[in-house]
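What follows is a short report on a single structure.
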Amino acid sequence: MNDDPIANALDSIKPKKTTWHYALAKVQNKFGEYEYLSADTEEEIESYCEGGVLGDELAIEEWCTNVTPIMVVKHFKWVGQARRNPFVIAKPIYINEVGEIDKWGNQKYVFKGYRNFKKKF
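Printed below as a string of structure tokens:
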């Protein structure tokens with residue numbers, strides 16, 4: 003801490019570093035629409051924004067910090083190449099049918115079977 007109160011105040015309002023190991027960015031396309039990108043590193047986002055098939059570039063508006071995981075799942079597009087998207091929501095493995103309603107008004111479900119997943123490899 004400095005003795006200067008203005009410098010201390012400016013240090014306190016600086017954006018804090020995130021504890022995540024991912025880079026999150028808000029970018030803008032040539033039509034002025036915002037997109038949200040996520041990747042393992044900032045370099046992967048920068049290389050994604052540099053050029054496309056038609057030569058359209060994306061402008062990085064800001065690097066996002068303090069974003070909740072559910073916001074990343076809902077709004078951010080994964081552009082990393084090193085691995086698959088870590089921000090996905092698991093799907094249930096059970097298939098249930100709707101059953102009767104009990105005396106308290108709660109819906110009962112009856113187990114029907116397991117969901118078949120396709121292998122990705």
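Each step along the sequence shown adds one to the number in our numbering, with nothing skipped, and position 20 is 22.
From the three backbone atoms N, C-alpha and C, an ideal C-beta is built for every residue, glycine too.
Worksheet item: If you count every other CB in all the chains shown that lies within 10 Å of the CB of Ile-47, and 16 or more means buried, which is it?
Response: As a working mapping, residue 47 is identified with position 45 in the sequence shown. Per the 10 Å Cβ criterion, buried.
Worksheet item: Going by Cα to Cα distance, which pick from Tyr-24, Ile-8 and Asp-5 is closest to Ala-84?
Response: Counted from its first residue, the sequence shown places residue 84 at position 82. With distances taken between Cα atoms, Ala-84 lies closest to Tyr-24.
Practice prompt. Report the rounded CA-to-CA distance for Phe-89 versus Trp-80, giving the unit in angstroms.
Written response: Residue numbering aside, residue 89 sits at position 87 when the sequence shown is read from its first letter. Residue numbering aside, residue 80 sits at position 78 when the sequence shown is read from its first letter. Each residue's alpha carbon lies about 8 Å from the other.
Practice prompt. Return the CA-CA distance between Ile-42 and Thr-70, expressed in angstroms with no decimal places.
Written response: Taking the first residue of the sequence shown as 1, we reach residue 42 at position 40. Taking the first residue of the sequence shown as 1, we reach residue 70 at position 68. The question names Ile, but residue 42 is Asp in the sequence shown. In a straight line, the C-alpha of Asp-42 is about 16 Å away from that of Thr-70.
Worksheet item: Do you know offhand how far Phe-113's Cα is from Glu-45's?
Response: Here the question's residue 113 lines up with position 111 in the sequence shown. Here the question's residue 45 lines up with position 43 in the sequence shown. Rounded to whole angstroms, Phe-113 to Glu-45 spans 47 Å at the Cα level.
Worksheet item: Quick one: Cα of Asp-104 to Cα of Tyr-116, how far?
Response: For this step, residue 104 is matched to residue 102 along the sequence shown. For this step, residue 116 is matched to residue 114 along the sequence shown. The alpha-carbon atoms of Asp-104 and Tyr-116 are separated by roughly 25 Å.
Item to complete: Take Gln-30 as the anchor and find which of Asp-58, Glu-102, Ala-9 and Lys-93 has the nearest alpha-carbon.
Response: Position 28 of the sequence shown holds residue 30. Closest option to Gln-30, Cα to Cα, is Asp-58.
Discussion item. Ignoring anything shorter than 3 residues, give me the beta strand (DSSP E) runs that lie fully in the segment 32-92, in order along the chain.
Written reply: The segment 32-92 contains these whole beta strand (DSSP E) runs: 36-41 and 61-65.
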